[in-house]
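Engineer: Next up is a structure, given as structure tokens.
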Amino acid sequence: MNLVYEKLKDCVRVVQKKVKFKPEVALVLGSGLGDYASEMKIEQTLSYSEIEGFPISTVPGHQGRFLFGTVRGVPVVIMQGRVHYYEGYEMSDVVLPIRLMGMLGARVLILTNAAGGINKSMSPGDLMMITDHISSFIPNPLTGSNLEELGPRFPDMSEIYDKNLRNLILKASEDTGVPIRQGVYVQSRGPAYETPSEIKMYGRLGIDAAGMSTVCEAIAANHMGMKVCGISCITNMAAGITDQRLNHKEVQETADRVSHDFQTLVTETIELIGGCV
1 MNLVYEKLKD CVRVVQKKVK FKPEVALVLG SGLGDYASEM KIEQTLSYSE IEGFPISTVP
61 GHQGRFLFGT VRGVPVVIMQ GRVHYYEGYE MSDVVLPIRL MGMLGARVLI LTNAAGGINK
121 SMSPGDLMMI TDHISSFIPN PLTGSNLEEL GPRFPDMSEI YDKNLRNLIL KASEDTGVPI
181 RQGVYVQSRG PAYETPSEIK MYGRLGIDAA GMSTVCEAIA ANHMGMKVCG ISCITNMAAG
241 ITDQRLNHKE VQETADRVSH DFQTLVTETI ELIGGCV
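Residue numbers (UniProt numbering): 1 to 277.
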């Protein structure tokens, strides 16, 4: 058996012994959504540390646990804290939580993150629905022996961010009055912020926002047949777009400032998805 798949199965068995809950929707909380637990009726919680071999987030503000429960009646599993490639994990470990949630029953994945704005029409505090991404600057999580149990060797990526889910996000924006932008996202390796020249290159490639997560997760989820959507919180303008130097404190402050709108939009989106899955 493939060692990556064997490790995944072991983690799934541990979770299923501890948690008797089948989610329909999986949500990964990025910056600005760390307190999203208040929006759900929690049935069970499970710390990552209780799952042998499971990667643990080392980033401040990422609590490191699964929340199982309902959001407006929709069965949801939430990652309250993700792991990143820049933390030193193998890419197969970075996407292990996504695969695990899919194997627990989640058919839809909502990815959220904090991102630097490249498109000059955007401003810190904007929310951006991801319409597509560029993965060329990180290792592909499907590299190596294909996990045939999960999906095909050469998965189609023509519509990795599902059109129907994107339409639901737009409807949620309309229903709640929370504005939403649209754009292309790129994941860089991190943990250093990009240089002005790198951001200039990204802009010429048609990229609207940059971050250090999400793309690898979307690829892994799409590979195993999950429907994927994503929302970025533009917490700062990327290097060189303005004269301001970048720091993580600014990211956290902006994310906190717009967290209410972010949570409102995500909650409405989950309710709409619940009526379709």
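Note that the Cβ used here is the ideal one computed from N, Cα and C, for glycine as well.
How would you write the range of the beta strand (DSSP E) that residue 237 sits in, first residue to last?
Structural biologist: Residues 227 to 237.
Engineer: Could you check where the beta strand (DSSP E) with residue 58 kicks off and where it finishes?
Structural biologist: Note, residue 58: premise wrong, no beta strand (DSSP E); not H, not E.
Engineer: Quick check on the burial criterion: 16 or more other C-beta atoms within 10 angstroms. Buried or exposed for residue 80?
Structural biologist: That one is buried.
Engineer: Nearest-angstrom Cα distance between residue 267 and residue 156?
Structural biologist: Roughly 29 Å separates the two Cα atoms.
Engineer: If we call anything under 8 Å between Cβ atoms a contact, is residue 23 one with residue 106?
Structural biologist: The answer is yes: Cβ separation under 8 Å.
Engineer: With DSSP collapsed to three states, give me the class of residue 196.
Structural biologist: Correct three-state label for residue 196: helix.
Engineer: Only counting the same chain, and skipping five residues up and downstream in sequence, which positions put a Cβ closer than 6 Å to that of residue 55?
Structural biologist: So the list reads 83, 89 and 93, once near-sequence residues are dropped.
Engineer: Taking the straight line between their C-alpha atoms, what separation do you get for residue 78 and residue 41?
Structural biologist: Using only the alpha carbons, I get a separation of about 12 Å.
Engineer: Among 48, 53, 35 and 76, which residue has its Cα nearest to the Cα of residue 294?
Structural biologist: Because the chain spans 1 through 277 in this model, residue 294 falls outside it and cannot be assessed.
Engineer: Looking at the unbroken beta strand (DSSP E) that takes in residue 137, where does it start and where does it end?
Structural biologist: Unbroken run through residue 137: none, as it is neither H nor E.
Engineer: Verify whether the separation of the beta carbon atoms of residue 226 and residue 95 is less than 8 Å.
Structural biologist: Not a contact, by the Cβ cut-off of 8 Å.
Engineer: For residue 256 and residue 30, I'd like the C-alpha separation in whole angstroms.
Structural biologist: Taking the straight line from one Cα to the other gives about 11 Å.
Engineer: Scan the region 80 to 146 and note each continuous beta strand (DSSP E) run of 3 residues or more that stays entirely inside, going in chain order.
Structural biologist: Correct list: 108 to 117 and 127 to 134.
Engineer: What three-state label does DSSP hand residue 262 in the structure shown?
Structural biologist: Three-state result, residue 262: helix.
Engineer: May I have the straight-line CA-CA distance separating residue 3 from residue 245, to the nearest angstrom?
Structural biologist: Rounded to whole angstroms, residue 3 to residue 245 spans 43 Å at the Cα level.
Engineer: For residue 203, which of helix, strand or coil comes out of DSSP?
Structural biologist: Three-state result, residue 203: helix.
Engineer: Taking only the alpha-carbon atoms, compute the straight-line gap between residue 211 and residue 146 and give it to the nearest angstrom.
Structural biologist: In a straight line, the C-alpha of residue 211 is about 27 Å away from that of residue 146.
Engineer: Rounded to whole angstroms, what's the CA-CA distance from residue 169 to residue 228? Just pull it up for me.
Structural biologist: Rounded to whole angstroms, residue 169 to residue 228 spans 12 Å at the Cα level.
Engineer: Among the candidates 100, 20 and 13, whose CA atom is the shortest distance from the CA of residue 26?
Structural biologist: Comparing Cα-Cα distances from residue 26 to each of 100, 20 and 13, the minimum goes to 100.
Engineer: Using the rule of at least 16 other Cβ atoms within 10 Å of the residue's Cβ for burial, across every protein chain shown, is residue 208 buried or exposed?
Structural biologist: Result: buried.
Engineer: Identify, in the order they occur along the chain, each residue of the same chain with its Cβ nearer than 7 Å to the Cβ of residue 176, setting aside the five sequence neighbours on each side.
Structural biologist: For residue 176, where only same-chain residues beyond five positions count, the Cβ hits under 7 Å are 264, 265 and 268.
Engineer: Any contact between the region 137 to 144 and the region 233 to 244? By contact I mean 3 or more CB pairs, one from each, below 8 Å.
Structural biologist: The region 137 to 144 vs the region 233 to 244: no contact.
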